[in-house]
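Those protein sequence lines, which keep their order, are chains A and B.
If you count by full-length UniProt numbering, then the first sequence holds residues 1 to 422, one letter each, in order.
If you count by full-length UniProt numbering, then the second sequence holds residues 1 to 422, one letter each, in order.
Ideal Cβ positions, reconstructed from N, Cα and C, are used throughout, including at glycine.
Number of protein chains: 2
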Amino acid sequence: MSGERPGLGRGKRRARVFGQIDPPHRLLMGPGPVNVHPRVLRAMSADMLGQFDPEMTGYMNETMALYRRVFMTENRWTLLVDGTARAGIEAALVSLVEPGARLLVVQAGRFGLLLSEIGQRIGAEIRTLDIPWGEVATLEQIEAAIVAHRPQVFAAIHGDTSTTMAQPLDGVGALCRRHGVLSYVDATATLGGMAVATDAWGVDVVTGGLQKCMGGPPGSSPITISDRAAAHIMKRRHVEAGIRGADLDEGPGALIRSNYFDLAMIMEYWSEKRLNHHTEATSMLYAAREAARVMVEEGLEARFARHRAAGAAMSAGLRAMGLTLYGQDACRMTNVTGVYIPDCVDGERVRARMRGEFEIEIGTAFGPLAGKIWRIGAMGYNAMRHKVLITLGALDAVLRAEGYVPPAGAAIEAARAVYDRS
Amino acid sequence: MSGERPGLGRGKRRARVFGQIDPPHRLLMGPGPVNVHPRVLRAMSADMLGQFDPEMTGYMNETMALYRRVFMTENRWTLLVDGTARAGIEAALVSLVEPGARLLVVQAGRFGLLLSEIGQRIGAEIRTLDIPWGEVATLEQIEAAIVAHRPQVFAAIHGDTSTTMAQPLDGVGALCRRHGVLSYVDATATLGGMAVATDAWGVDVVTGGLQKCMGGPPGSSPITISDRAAAHIMKRRHVEAGIRGADLDEGPGALIRSNYFDLAMIMEYWSEKRLNHHTEATSMLYAAREAARVMVEEGLEARFARHRAAGAAMSAGLRAMGLTLYGQDACRMTNVTGVYIPDCVDGERVRARMRGEFEIEIGTAFGPLAGKIWRIGAMGYNAMRHKVLITLGALDAVLRAEGYVPPAGAAIEAARAVYDRS
Numbered sequence: 001m002s003g004e005r006p007g008l009g010r011g012k013r014r015a016r017v018f019g020q021i022d023p024p025h026r027l028l029m030g031p032g033p034v035n036v037h038p039r040v041l042r043a044m045s046a047d048m049l050g051q052f053d054p055e056m057t058g059y060m061n062e063t064m065a066l067y068r069r070v071f072m073t074e075n076r077w078t079l080l081v082d083g084t085a086r087a088g089i090e091a092a093l094v095s096l097v098e099p100g101a102r103l104l105v106v107q108a109g110r111f112g113l114l115l116s117e118i119g120q121r122i123g124a125e126i127r128t129l130d131i132p133w134g135e136v137a138t139l140e141q142i143e144a145a146i147v148a149h150r151p152q153v154f155a156a157i158h159g160d161t162s163t164t165m166a167q168p169l170d171g172v173g174a175l176c177r178r179h180g181v182l183s184y185v186d187a188t189a190t191l192g193g194m195a196v197a198t199d200a201w202g203v204d205v206v207t208g209g210l211q212k213c214m215g216g217p218p219g220s221s222p223i224t225i226s227d228r229a230a231a232h233i234m235k236r237r238h239v240e241a242g243i244r245g246a247d248l249d250e251g252p253g254a255l256i257r258s259n260y261f262d263l264a265m266i267m268e269y270w271s272e273k274r275l276n277h278h279t280e281a282t283s284m285l286y287a288a289r290e291a292a293r294v295m296v297e298e299g300l301e302a303r304f305a306r307h308r309a310a311g312a313a314m315s316a317g318l319r320a321m322g323l324t325l326y327g328q329d330a331c332r333m334t335n336v337t338g339v340y341i342p343d344c345v346d347g348e349r350v351r352a353r354m355r356g357e358f359e360i361e362i363g364t365a366f367g368p369l370a371g372k373i374w375r376i377g378a379m380g381y382n383a384m385r386h387k388v389l390i391t392l393g394a395l396d397a398v399l400r401a402e403g404y405v406p407p408a409g410a411a412i413e414a415a416r417a418v419y420d421r422s
Numbered sequence: 001m002s003g004e005r006p007g008l009g010r011g012k013r014r015a016r017v018f019g020q021i022d023p024p025h026r027l028l029m030g031p032g033p034v035n036v037h038p039r040v041l042r043a044m045s046a047d048m049l050g051q052f053d054p055e056m057t058g059y060m061n062e063t064m065a066l067y068r069r070v071f072m073t074e075n076r077w078t079l080l081v082d083g084t085a086r087a088g089i090e091a092a093l094v095s096l097v098e099p100g101a102r103l104l105v106v107q108a109g110r111f112g113l114l115l116s117e118i119g120q121r122i123g124a125e126i127r128t129l130d131i132p133w134g135e136v137a138t139l140e141q142i143e144a145a146i147v148a149h150r151p152q153v154f155a156a157i158h159g160d161t162s163t164t165m166a167q168p169l170d171g172v173g174a175l176c177r178r179h180g181v182l183s184y185v186d187a188t189a190t191l192g193g194m195a196v197a198t199d200a201w202g203v204d205v206v207t208g209g210l211q212k213c214m215g216g217p218p219g220s221s222p223i224t225i226s227d228r229a230a231a232h233i234m235k236r237r238h239v240e241a242g243i244r245g246a247d248l249d250e251g252p253g254a255l256i257r258s259n260y261f262d263l264a265m266i267m268e269y270w271s272e273k274r275l276n277h278h279t280e281a282t283s284m285l286y287a288a289r290e291a292a293r294v295m296v297e298e299g300l301e302a303r304f305a306r307h308r309a310a311g312a313a314m315s316a317g318l319r320a321m322g323l324t325l326y327g328q329d330a331c332r333m334t335n336v337t338g339v340y341i342p343d344c345v346d347g348e349r350v351r352a353r354m355r356g357e358f359e360i361e362i363g364t365a366f367g368p369l370a371g372k373i374w375r376i377g378a379m380g381y382n383a384m385r386h387k388v389l390i391t392l393g394a395l396d397a398v399l400r401a402e403g404y405v406p407p408a409g410a411a412i413e414a415a416r417a418v419y420d421r422s
């Protein structure tokens with residue numbers, strides 16, 4: 001009988017199974033993932049339900065309702081893609097863009113490049129609006145590119161963490177509709193921290209992630225889809241053999257080149273039809289639902305204000321240390337700040353000391369910015385006054401030890417002043 | 001200050017945010033997902049680490065080592081795909097099979113059909129070895145199909161839960177190598193419950209999931225890749241713009257038609273190079289690692305024996321009730337049993353009563369078997385004597401109330417007898 005117990009320890013094997021999960025308690029002030037809200041962690045410790053249990057489908061429906069609030073939309077089709085944030089991006093693009101169709105991408109950072117790269121792989125004809133890193137596109141530039149390239153789909157990143165810039169999107173949806181273009185925006189890095197105003201922007205499809213301002217873990221990608229986009233996607237509808245019934249018609253459009261990311265199938269799984277597709281990632285659904293509950297309880301405006309205050313305080317503190325911020329003030333993301341590494345210090349040594357001495361993580365950078373800037377976040381559960389102050393205090397101490405001497409006490413004083421004003 | 005607290009409840013909004021996650025405590029004896037081992041649930045409640053923190057990459061390396069044990073392989077490339085089980089399937093196929101290449105699929109159930117459907121979407125030329133549901137392919141049939149179709153890649157399902165049959169795979173890898181064919185097997189439903197003998201089979205790529213015999217939640221797909229298959233995939237290597245460096249060469253093969261499922265990129269992320277791709281789904285990694293630790297501590301042989309005993313006891317109990325099992329005895333999966341619904345009862349009413357009165361879930365069926373059989377599982381943390389006995393006792397009581405009267409006490413007695421013998 002005793003041999004039947006799953007997980008019964010056997011001394012002789014202990015050495016080969018490593019220790020239990022017991023990560024250091026670290027303050028994650030990089031561009032994400034960040035510390036998860038404890039309520040979200042607790043939600044994930046609940047046990048499974050059957051895939052089609054009424055309680056499970058009830059949780060799925062509630063999650064849809066909650067993410068309508070998160071995405072500021074009335075879109076019926078508001079659900080989760082089971083994978084990390086780039087799973088949502090690929091699902092959106094592979095379902096929206098038919099092979100051979102033209103896709104216009106705003107390339108203003110690493111994640112704009114990612115949109116083009118995914119588009120290329122799925123057989124789209126890529127056109128780009130190239131913007132120097134650290135800047136954003138104007139509405140006029142976007143319109144000119146649409147007129148010049150006549151794309152079927154327009155795609156942009158809201159907040160590109162590689163540059164810490166937020167692309168303004170007011171008017172973009174209307175512009176796209178006027179030109180008969182479907183529009184897609186990835187808001188992974190801003191969802192939950194800045195207004196992701198799906199309906200006000202008039203954008204057709206928006207995707208996100210949990211691991212930044214939503215205060216959840218990576219591994220689930222919320223998505224919202226307008227009726228117009230859903231109709232386009234349903235034209236490419238295909239029903240899996242083995243569950244096909246007489247009442248299920250196929251669409252006339254080109255077969256979507258992925259089963260896992262086929263949003264037509266995923267919508268039918270989340271619809272009242274409950275057509276079997278994948279097995280919903282139950283724990284991640286629990287996490288996504290709880291992260292949204294925390295956000296809706298807090299109130300969207302209060303939450304955005306909290307992120308704005310944290311970003312402003314962090315920026316003020318960094319500047320008070322005599323450091324130079326990267327990019328344009330007018331387009332700065334509120335939740336992550338790029339800052340030039342001073343010439344006299346080694347950026348990686350500073351990061352290592354921040355981690356080693358203070359258990360605080362700040363971010364490095366990609367591509368052309370690698371070695372030039374740090375990216376310091378204050379996202380989700382970490383967009384709080386004391387965490388901003390702790391981070392600035394630690395950075396001050398580390399820079400001082402590494403030979404860059406900021407004005408004594410200035411960083412925290414400047415950050416405090418921002419909070420006292422707000 | 002008080003407005004800064006994330007998640008601070010506001011009475012007026014409460015009605016619109018639903019209650020906290022609090023699922024009924026249900027015994028899941030279907031084909032999965034099943035109840036998760038409490039240690040795995042606890043592991044998931046740990047907070048995040050930065051993506052490239054030494055502790056995080058340490059956990060990733062340990063997870064690789066643990067899954068080598070789980071997959072019974074020496075394969076260096078043994079890692080996780082971030083998504084549900086079919087994410088692993090799609091990653092394997094889209095990375096192995098070039099557009100236009102021939103893919104031979106054993107179709108003996110719903111998940112065989114899924115392999116063909118994914119193959120079709122990625123542009124493969126599909127050839128099938130069609131086996132009636134409830135049967136399996138012989139090695140001779142597989143060889144004949146390989147000779148007839150000369151595929152580049154062979155694909156099969158180990159345990160197809162739609163039919164509850166397990167495809168024997170001894171000799172399949174050697175056969176494929178002899179004919180210069182790459183081989184792929186999905187073992188989602190058997191991994192952790194039956195021997196998934198990757199190296200002994202000689203199969204190149206094997207994928208799995210956590211939500212069945214691994215005793216974890218759905219949402220992560222372990223995969224193992226032979227050096228031969230990795231070399232094939234690396235020929236299709238492509239480095240993402242924005243992180244491309246001078247030392248990173250591209251391969252000559254056809255571009256993999258997915259970024260998310262590009263195993264060349266995923267391998268480089270899990271390698272010492274740590275080339276940035278997705279952000280690893282941290283909580284699901286914790287879950288996968290703990291599920292594997294539980295398995296390795298228990299011992300593989302003990303664990304397989306535990307599943308064998310549970311399956312045998314369940315089968316004996318069902319037969320003792322006068323019910324007829326579905327499929328061939330010789331090829332039965334040890335962890336899920338198909339059983340014909342007796343003519344005189346309504347299968348869905350029985351399932352509803354099992355859930356309503358006893359909080360026990362048993363499975364329905366797909367496609368041609370819908371309404372004809374139930375699928376009753378005993379997987380992972382649920383492959384235990386008392387859970388088998390409880391399920392049989394409940395089913396006996398429900399059938400009796402629904403007008404099918406089994407011999408009194410026979411089911412539990414027969415199951416007990418199996419355990420007493422084992």
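Taking the Cα positions, residue 156 of chain A is about 19 Å away from residue 81 of chain A.
Every alpha helix (DSSP H) of 4 residues or more that sits fully in the stretch 10-56 of chain A is shown, in chain order, as 38-43. Counting C-beta atoms within 10 angstroms of its own C-beta, residue 280 of chain A has 16 or more neighbours from the protein chains shown and is therefore classed as buried. In the structure shown, the three-state DSSP call for residue 317 of chain B is helix.
The stretch 41-55 of chain A and the stretch 246-261 of chain A do not touch, with fewer than three beta-carbon pairs separated by less than 8 Å.
At a cut-off of 8 Å, the C-beta of residue 217 of chain A has a neighbouring C-beta in chain B. In this structure, the CA atom of residue 228 of chain B is about 20 Å from the CA atom of residue 272 of chain B. Spatial neighbours of residue 419 of chain B in its own chain (CB-CB distance under 7 Å, excluding positions within 5 residues in sequence) are listed in chain order as 309, 313 and 385.
Interface flag for residue 321 of chain A against chain B is unset, since no Cβ pair is found closer than 8 Å. In the DSSP assignment, residue 404 of chain A falls outside any alpha helix (DSSP H), carrying neither H nor E. Here DSSP, grouped into helix, strand and coil, assigns residue 190 of chain B to coil.
From the beta-carbon of residue 78 of chain A, no residue of chain B is found nearer than 7 Å; the closest lies around 15 Å away.
For residue 154 of chain A, DSSP records a beta bridge to A:104 and A:183.
Taken residue by residue, none of the stretch 318-351 of chain A has a beta-carbon sitting less than 9 Å from a beta-carbon on chain B.
Under the Cβ distance rule, residue 48 of chain A counts among the residues neighbouring chain B, one pair being separated by less than 8 Å. For residue 128 of chain B, the enclosing beta strand (DSSP E) starts and ends at 125-130. Rounded to whole angstroms, residue 329 of chain B and residue 363 of chain B show a C-alpha spacing of 20 Å. In this model, residue 222 of chain B and residue 322 of chain A are separated by some 48 Å (Cα to Cα). Of all C-beta pairs linking the stretch 55-64 of chain A to the stretch 193-210 of chain A, fewer than three are shorter than 8 Å, placing the two stretches out of contact.
For residue 381 of chain B, the secondary structure class from DSSP, reduced to helix, strand or coil, is helix. Proximity of chain B to residue 260 of chain A at the Cβ level (cut-off 7 Å) is accounted for by 83, 86, 87 and 90, in chain order. Between residue 103 of chain B and residue 151 of chain B a beta carbon distance of about 6 Å is seen, short of the 8 Å cut, so the two are scored as contacting.
Beta-bridge partners of residue 361 of chain A (DSSP): A:28. In the three-state reduction of the DSSP assignment, residue 160 of chain B falls in the strand class. Among the residues facing chain B, residue 75 of chain A is not included, as its CB has no counterpart in that chain under 8 Å away. For a cut-off of 8 Å, the C-beta gap from residue 148 of chain B to residue 32 of chain B is around 34 Å, too long to register as a contact.
Unbroken beta strand (DSSP E) stretches of 3 residues or longer found wholly inside the stretch 69-122 of chain B: 77-81 and 102-107, given in chain order. Neighbours of residue 128 of chain A across chain B, judged by C-beta separation under 7 Å, do not exist; the nearest C-beta is about 11 Å away. Non-local C-beta neighbours of residue 176 of chain B in its own chain, meaning closer than 6 Å and more than five positions away in sequence, comprise 154 and 183, ordered along the chain. Under the three-state reduction of DSSP, residue 257 of chain B is assigned to coil, being neither helix nor strand.
Judged by DSSP secondary structure, residue 296 of chain B falls within the alpha helix (DSSP H) whose first and last residues are 282-298. Pairing residue 206 of chain B with residue 185 of chain B gives a Cβ-Cβ distance under 8 Å. Here DSSP, grouped into helix, strand and coil, assigns residue 223 of chain A to strand. Look at residue 269 of chain B here: in three-state DSSP terms it is helix.
Residue 206 of chain B: not part of any alpha helix (DSSP H); member of the beta strand (DSSP E) spanning 205-207, first to last residue. Residues of chain A with a Cβ closer than 7 Å to the Cβ of residue 286 of chain B are, in chain order, 21.
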